[in-house]
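All remarks here apply to the structure that follows.
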Amino acid sequence: MTALSHALDELGLRTMYHSTRDVKFLCAQRFVRLFAYGGSTLILASYLSAIGVTDDRIGLFMTLTLVGDVVISFFLTLFADAMGRKAVLALGSALMAGSGVVFALSGNFWVLLAAAVFGVISPSGNEIGPFRAVEESTLAHLTPHEKLPDVFAWYSLVGTAGTALGQLICGWTISSLQDLHGWAFIPSCRIIFFVYAGVGLVKLILTLALTRKVETAKKQEQQNGETRPLLADQAPVEQQPAPKKSLFASIEKDLWSLVIRLFILFGIDSFASGLASL
Numbered sequence: 001m002t003a004l005s006h007a008l009d010e011l012g013l014r015t016m017y018h019s020t021r022d023v024k025f026l027c028a029q030r031f032v033r034l035f036a037y038g039g040s041t042l043i044l045a046s047y048l049s050a051i052g053v054t055d056d057r058i059g060l061f062m063t064l065t066l067v068g069d070v071v072i073s074f075f076l077t078l079f080a081d082a083m084g085r086k087a088v089l090a091l092g093s094a095l096m097a098g099s100g101v102v103f104a105l106s107g108n109f110w111v112l113l114a115a116a117v118f119g120v121i122s123p124s125g126n127e128i129g130p131f132r133a134v135e136e137s138t139l140a141h142l143t144p145h146e147k148l149p150d151v152f153a154w155y156s157l158v159g160t161a162g163t164a165l166g167q168l169i170c171g172w173t174i175s176s177l178q179d180l181h182g183w184a185f186i187p188s189c190r191i192i193f194f195v196y197a198g199v200g201l202v203k204l205i206l207t208l209a210l211t212r213k214v215e216t217a218k219k220q221e222q223q224n225g226e227t228r229p230l231l232a233d234q235a236p237v238e239q240q241p242a243p244k245k246s247l248f249a250s251i252e253k254d255l256w257s258l259v260i261r262l263f264i265l266f267g268i269d270s271f272a273s274g275l276a277s278l
């Protein structure tokens, strides 16, 4: 029994079992999101080619999709704590569902490009949108420091499992529709995009199920303040000067060199991944 208990601790299963409901929902959101990304990525380039988009435009499509994602994700994550983490995740889920519907119904290149740039469509199967940054900061907020490695390990694992399962189900569905039911390739792909939109709605439901504990302490105080009486007996409190706002996190000077080197490494890795993308 001691060996089993030790194994459960080493695998992080005990940590996940005793984690809060919000932590479990955040991990579930990552699974369903990466499931959708994996499935749509498998057919995206082939679908665009099948509806008559040239190879150079497909490359432009992928590039502009990522550029739009960078811009939208930057602003959403920048103001996530002010808007509310739950609100940002819900907005991203709605954009994801909307993009899936547009791809399922339209074959116009410019309409699809607009849906990809302003919505949430993954051209590579990797993380896009504001989700990961908000989710990871929320997990760190909800989890004791000594339990974080286990939670992040499972958070990463369920994402990889979701991508793999999404690609498996997508390939099997496309093959079945074409070989067993005689469907053409384009209608088969549109079924996948409808599923993508449905997954976005599932993710939206999981987001709405999150509690107020996912918000920052400042946001929770604002929400609690809305329910207080307008006239309350309070002693006058000396106003403290508001801290200066900055677009960048407060990082110690001796850590900046490490952060910059990590930026460069991640950039090179992403560049290489883009060259060998699906």
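Okay, so the sequence shown: first residue is 1 according to UniProt numbering, each after it adds one.
We treat Cβ as the ideally placed atom computed from N, Cα and C, and that holds for glycine.
| Beta-carbon separation (whole angstroms), Gly38 vs Ala164, contact threshold 8 Å | Yes, they are in contact, since the Cβ atoms of Gly38 and Ala164 sit about 7 Å apart, within 8 Å.
| request: Take every Cβ of the region 54-62, pair it with every Cβ of the region 176-186, and state whether three or more of those distances are shorter than 8 Å. | output: Flag = no, the region 54-62 and the region 176-186 do not touch.
| message | Between the alpha carbons of Val195 and Ala50, how many angstroms are there, rounded? | response | The alpha-carbon of Val195 is positioned some 20 Å away from that of Ala50.
| query | Excluding sequence positions up to five away, which residues of its chain have a Cβ less than 8 Å from the Cβ of Ala115? | reply | By the criterion of a C-beta distance shorter than 8 Å, Ala115 is surrounded in its chain by Gly98, Ser99, Val102, Phe103, Ser106 and Ile121, once the five residues flanking it on both sides are discounted.
| task | Taking all protein chains shown into account, decide if Asp150 is buried (16 or more other Cβ within 10 angstroms of its Cβ) or exposed. | result | The residue is buried, with at least 16 neighbouring Cβ atoms inside 10 Å.
| Whole-angstrom C-beta distance between Gly159 and Phe34, which should lie under 8 Å | It should be noted that the sequence gives Leu, not Phe, for residue 34. The Cβ separation is near 4 Å, so the contact holds.
| query | What three-state label does DSSP hand Val70 in the structure shown? | reply | Looking at Val70 - three-state DSSP - the assignment turns out to be helix.
| If you follow the alpha helix (DSSP H) that Trp172 is part of, which residue opens it and which one closes it? | Start and end: Leu148 to Asp179.
| request: Determine, using beta carbons only, whether Lys203 and Ser73 come nearer to each other than 8 Å. | output: For Lys203 and Ser73, no; Cβs fall outside 8 Å.
| query | Whose CA, out of His145, Tyr155, Ala36 and Val70, lies closest to the CA of Ile191? | reply | Closest in alpha carbon position to Ile191, among His145, Tyr155, Ala36 and Val70, is Ala36.
| task | Use the C-beta contact count for Trp154: other C-beta atoms within 10 angstroms, 16 or more gives buried, fewer gives exposed. | result | So Trp154 counts as buried.
| query | Does the region 12-20 come close enough to the region 139-150 that 3 or more CB-CB pairs lie under 8 Å? | reply | Yes: at least three Cβ pairs fall under 8 Å.
| According to the neighbour-count rule (16 or more other Cβ atoms, all chains shown, within 10 Å of its Cβ), is Glu10 buried or exposed? | Exposed.
| Hey, out of Ser270, Arg261 and Glu215, whose CA is closest to Val88's CA? | Of the listed residues, the one whose Cα sits closest to Val88 is Glu215.
| task | Measuring only between beta-carbons, confirm whether Tyr17 sits less than 8 Å from chain C. | result | The structure shown has no chain C; it contains just one protein chain.
| query | What is the rounded straight-line gap between the Cα of Arg261 and the Cα of Lys253? | reply | Cα-Cα distance, rounded: 14 Å.
| The alpha helix (DSSP H) with Pro187 in it runs from where to where? | Boundaries of the alpha helix (DSSP H) harbouring Pro187: Phe185 to Leu208, taken from the DSSP string.
| task | Please determine, among Ala28, Ala7, Asn126 and Ile186, the residue with the shortest C-alpha to C-alpha distance to Val199. | result | A check of alpha carbon separations from Val199 across Ala28, Ala7, Asn126 and Ile186 identifies Ala28 as the nearest.
| Limits of the alpha helix (DSSP H) - the one that Thr143 falls within | First-last for Thr143: undefined, no H or E at that position.
| request: With a cut-off of 8 Å on the beta carbons, I'd call Leu117 and Thr65 a contact; round off their distance for me. | output: The amino acid at residue 117 is misidentified as Leu; the sequence shows Val. Indeed they touch by this definition, with Cβ atoms about 6 Å apart.
| query | What are the boundary residues of the alpha helix (DSSP H) that includes Phe103? | reply | Per DSSP, the unbroken alpha helix (DSSP H) holding Phe103 starts and ends at Arg85 to Leu105.
| message | Could you give the first and the last residue of the continuous alpha helix (DSSP H) run that contains Gly39? | response | Per DSSP, Gly39 belongs to the alpha helix (DSSP H) from Arg21 to Ala50.
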